[in-house]
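**Student:** Sharing a structure, written as structure tokens. Questions coming.
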Amino acid sequence: MFVLIAQPVGHAARFNLSIIVIALLGAIMLLKLDGFWRHIFLALASVVILQYAYWRTTSTLPPLEDLYSFIPGVILYAAEMYCILMLGISLFVVADPIDRPRAPQLADDESPTVDVFIPTYNEDREILALTVAAAKAMDYPSDKFTVYLLDDGGTDQKRNAHDPVAAAQAKERAAILKDLCSDLGAVYMTRQENVHAKAGNLNAALWRTHADLVVVFDADHAPERNFLRETVGYFLEDERLFLVQTPHFFSNPDPIERNLGTFGRMPSENEMFYGKIQKGLDRWNASFFCGSAAVLRREALEEVGGFSGITITEDCETALELHARGWNSLYIDKPLISGLQPETFASFVGQRSRWCQGMVQILMLKNPLFKRGLSLPQRLSYISSSLFWFFPFVRAVFFVAPLLFILFDMKIFVASFEDFFAYTVMYLIVGEMVRSYLYGSVRWPWISELYEYVQSVYLFQAIISVLLKPKSPTFKVTAKGVSLKQDRLSELSLPYFIIFGILCFTLFVAAYRYNTEPEISSLLLIVGAWNWMNLMIAGCALGVVTERSQDLAGVELPLRTNVELQFGETVLRGAVTEASAKGAKLIPAQGASRVLRKGEYGRLQLLNVSSTMLVTSLPVSIAGGAPDEDGAIALRFDAEPYHFPIIAELLMHDMSVVREQRALRQRPKSMIAGSIRILRWAIMCPLAALGVALGGKPADKAEPQRLKPLAGAALAAAPVRHQEAGE
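The sequence shown runs 917 to 1643 under the working numbering.
Now the structure itself:
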């Protein structure tokens, strides 16, 4: 291939070759060919990509004598080569993704014992109650699994703190959570000191328990009833299996989805990782622990001294150590938990900073390339996951590069218009075709650029701090369950306004130079278009940092569950189509015989619940006008802790509707449609941000943020049978 790429032919021949490759790629995409054709597709795309890399290396760098342009030119070149390197590694990772068959279904007498760990630090009782209740309700022999609530907010260290207020709060929290565990049948556990953060909390419990397997759920990750049935069976098939990881599904939008109004209609950001990348990693026995929604073998954990805690991403670090010891992992692409995303942009950035710093720590302190015991594919897989987090440097370069020519006349990319079109444009087209072919159903055009840009502004500093002091980062718990009562600008928004202003100014300078310097008009057209694309992303980012109001009562899961609603002598039968830990939406099969008033109290009775449940109904009150314009009745749960088993039964008995929703929104979006959407955001988001900044009404209000029920959801009075998702 190198001989073909290095042939000294003109740009016309290179252009013709690229056109042929693009035509062949288009045919493969149009015919939806996979399997063997997937490898043909990637090989063909590699020809154009490597052709560009060779040309970029040999023909486009500024002369060394012109250091003023050469140094930034080399920096831009290095950023592009990083992108090509990451593309090459990622193509290897996802070249042959694997879909696992369903886990073997075990008889009760052959099922291994399980300890369920739910680590908590500062989460609200309501969040914990749902997770603990859902974990206790899992379908598994009751004498073979135990649920532990691991409270790092009520340790001896915190209860005996020098600050009397903090000590009192820790004691009150411990008492509340002990009562919660008593009500729900879980075991409350804490430790003496808060050392090694989450890893230390898990290890403290690991050495005090004895089951064969360990399940970890984050405090806000409530499991589906059949979680253990869908995961545990794999461990009897492979005695060297240390991990079964499942996807993380979130019932609420992240700040970008909420502020741009995309939740429920566009694939969530994490669906590319859990829907495509993890399955590719799984092919190479490199799928790694993601901190929650996973089952691990105790024997394997004990072999490496428990959960690793040298870095602040204890999950990936632990998997790295176990893979290096010859243990195996497995990933199943079936959402079996429902969790919460961080609600504010600041919390989102804090979460991503921890992930970023932890993965950079792994690269520096436990470099997978030189980790003894890993196979070559495993090394490449872990390197891909670690190197990815250097994207803030690349984003910074790509945003600054056009400014250097437009504002300072630095010629950092030496190429004629014809060469640029034959090499660069063809490379960009092929890169977009690769994205669409591999990830089109889970990542729409421009969305990666937007997510990376909004993170880069703050992750840049986070990476620098790790590079200078690799052991300095500390684990910070991500805030969850925050309600936003009104629209406001994020406290992190100022840099985004400054960058937007600089890019706007640069665009005007480019337009002025285009009209006054005709001899470089073609070059200004190219660089100006580059700056314009950056400006669009920066404009969208202003919408991201404009926080939209959200009450968590509106964070609901789509359901399809029939119930009875009782208000005195009035009984309504119907279907709950959306519900959260705080309330539900009921669509009655028939109209009520009388008007239901806001605040009126009644009971919600689930139909076909487990015969072992002590409580099968819960107190509710009317939350709004009943019914609303859609014919739905909004209910608020007036629940005590002992009611949470029935709430967990309602929410987590069956996530098949959630999986159907996830599959429906995983549809490709064309480059044209994606560009139109980005252009609309780029225009409206700055106006909306300005409106909020000035205290006026936002220019573009985000749409309601919830997963919408499926059309034709069952509304009949007869009970609805739960159905398994056909995935």
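Where is the CB? At the ideal position from N, CA and C, for every residue including glycine. In this text the structure is predicted, and so the values were computed from the model without any measurement.
Measuring straight from C-alpha to C-alpha, what distance separates Arg-1016 and Gly-1191?
**Tutor:** Taking the straight line joining both Cα atoms gives about 13 Å.
**Student:** By Cβ distance, which residues of its chain are closer than 7 Å to Cys-1272, with the 5 residues on each side in sequence left out?
**Tutor:** Trp-1305, Leu-1375, Ala-1378 and Ile-1379.
**Student:** I need the DSSP call for Val-1009, collapsed to helix, strand or coil.
**Tutor:** Note: Val-1009 maps to helix in three-state DSSP.
**Student:** Should Asn-1168 be labelled buried (16 or more other beta-carbon atoms within 10 Å of its own) or exposed?
**Tutor:** With 16 or more other Cβ atoms within 10 Å, it is buried.
**Student:** What separation, rounded to the nearest whole angstrom, lies between the Cα atoms of Gln-1257 and Phe-1143?
**Tutor:** Gln-1257 and Phe-1143: Cα-Cα distance of roughly 21 Å.
**Student:** Out of Glu-1348, Phe-1560, Phe-1333 and Arg-1075, state which residue places its alpha-carbon closest to the alpha-carbon of Ala-1091.
**Tutor:** Considering only alpha carbons, the answer is Arg-1075.
**Student:** Would Lys-1585 and Trp-1360 qualify as a contact pair, given that the criterion is a beta-carbon distance under 7 Å?
**Tutor:** It is a contact, given that the beta carbons lie within the stated cut-off.
**Student:** Where DSSP assigns a beta bridge to Ile-1503, which residues make up the other side?
**Tutor:** In DSSP, Ile-1503 forms a bridge with Ala-1491.
**Student:** Taking the CB atoms as reference points, tell me whether Gly-1070 and Ala-1049 lie closer together than 7 Å.
**Tutor:** No.
**Student:** If you compare alpha carbons, which of Ser-1409, Ala-1235, Leu-1534 and Pro-1434 is closest to Glu-1565?
**Tutor:** Of Ser-1409, Ala-1235, Leu-1534 and Pro-1434, the residue nearest in Cα terms is Leu-1534.
**Student:** Check the C-beta distance from Val-1010 over to Leu-1354 and give it rounded, since I have them as a contact under 8 Å.
**Tutor:** The Cβ separation is near 6 Å, so the contact holds.
**Student:** Provide the residue(s) that pair with Phe-1553 in DSSP beta bridges, ordered along the chain.
**Tutor:** DSSP lists Val-1536 as partners of Phe-1553.
**Student:** With DSSP run on the structure shown, which of helix, strand or coil describes Tyr-1247?
**Tutor:** Here Tyr-1247 sits in strand by DSSP.
**Student:** At a cut-off of 6 Å, would you count Asp-1136 as near the ligand ADP, judging by its Cβ distance to the nearest heavy atom?
**Tutor:** Looking at this structure, you won't find the ligand ADP or any other ligand, since it has none at all.
**Student:** With a 10 Å radius around its C-beta and 16 neighbouring C-beta atoms as the bar for buried, classify Asn-1431 as buried or exposed.
**Tutor:** Answer is exposed; the Cβ neighbour count stays below 16.
**Student:** Under 8 Å, with one C-beta from each stretch per pair, do the segment 1314-1330 and the segment 951-968 reach the 3-pair mark?
**Tutor:** These segments do not touch.
**Student:** Kindly confirm or deny that the segment 1440-1459 and the segment 1418-1426 touch, where touching means at least three C-beta pairs closer than 8 Å.
**Tutor:** They touch, by the three-pair rule.
**Student:** DSSP three-state call for Ser-1332: helix, strand or coil?
**Tutor:** DSSP places Ser-1332 in coil when its eight states are reduced to three.
**Student:** In terms of alpha-carbon separation, which member of Leu-1252, Thr-1390, Val-1460 and Asp-1231 lies closest to Ser-1269?
**Tutor:** If we check each option's Cα against that of Ser-1269, Thr-1390 comes out closest.
**Student:** Between which two residues does the alpha helix (DSSP H) harbouring Phe-1424 extend?
**Tutor:** Its alpha helix (DSSP H) spans residues 1410-1432.
**Student:** Give me whichever residues DSSP pairs with Gly-1255 in a beta bridge.
**Tutor:** Answer is Phe-1166.
**Student:** What residues match up with Asn-1478 in a beta bridge as DSSP calls it?
**Tutor:** Ala-1491, per the DSSP bridge assignment.
**Student:** Relative to the alpha-carbon of Pro-908, which residue among Gln-1506, Ala-1579 and Val-1341 has its alpha-carbon at the smallest distance?
**Tutor:** Since the first residue of the chain shown is 917 and the last is 1643, residue 908 is not available in this structure.
**Student:** The beta strand (DSSP E) spanning Asp-1031 covers which residue range?
**Tutor:** That run of the beta strand (DSSP E) goes 1030-1036.
**Student:** For Gly-1116, I'd like the list of residues in its chain whose CB is within less than 7 Å of its CB, leaving aside the five on either flank, ordered along the chain.
**Tutor:** The residues are Gly-1225.
**Student:** So what does DSSP say about Ile-935, is it helix, strand or coil?
**Tutor:** It is helical.
**Student:** Does Arg-1145 come out as helix, strand or coil in the three-state DSSP assignment?
**Tutor:** Reduced to three states, the DSSP call for Arg-1145 is coil.
**Student:** Quick one: is Ala-939 buried, meaning 16 or more other Cβ sit within 10 Å of its Cβ, or exposed?
**Tutor:** Classification for Ala-939: exposed.
**Student:** If you drop the 5 nearest sequence neighbours on each side, which residues of the same chain put their C-beta closer than 7 Å to that of Tyr-1104?
**Tutor:** Closer than 7 Å at Cβ, skipping near neighbours: Leu-1065, Asp-1067, Leu-1093, Lys-1094 and Cys-1097.
**Student:** If Glu-1187 and Leu-1252 are in contact, beta carbons under 8 Å, what's the gap, nearest whole angstrom?
**Tutor:** Glu-1187 to Leu-1252, Cβ: 15 Å. No contact.
**Student:** Who are the Cβ neighbours of Thr-976 in its own chain at under 7 Å, not counting the five residues just before and after it?
**Tutor:** Result list for Thr-976: Phe-1329, Val-1330 and Ala-1331, in chain order.
**Student:** CB-CB under 6 Å to Pro-1620, same chain, minus the five flanking residues each way: which ones, in chain order?
**Tutor:** At Pro-1620 the pLDDT is 39, less than 50, meaning the model places this residue with poor confidence; the figure from the coordinates comes in the next sentence. Cβ within range, chain order: n/a, list empty.
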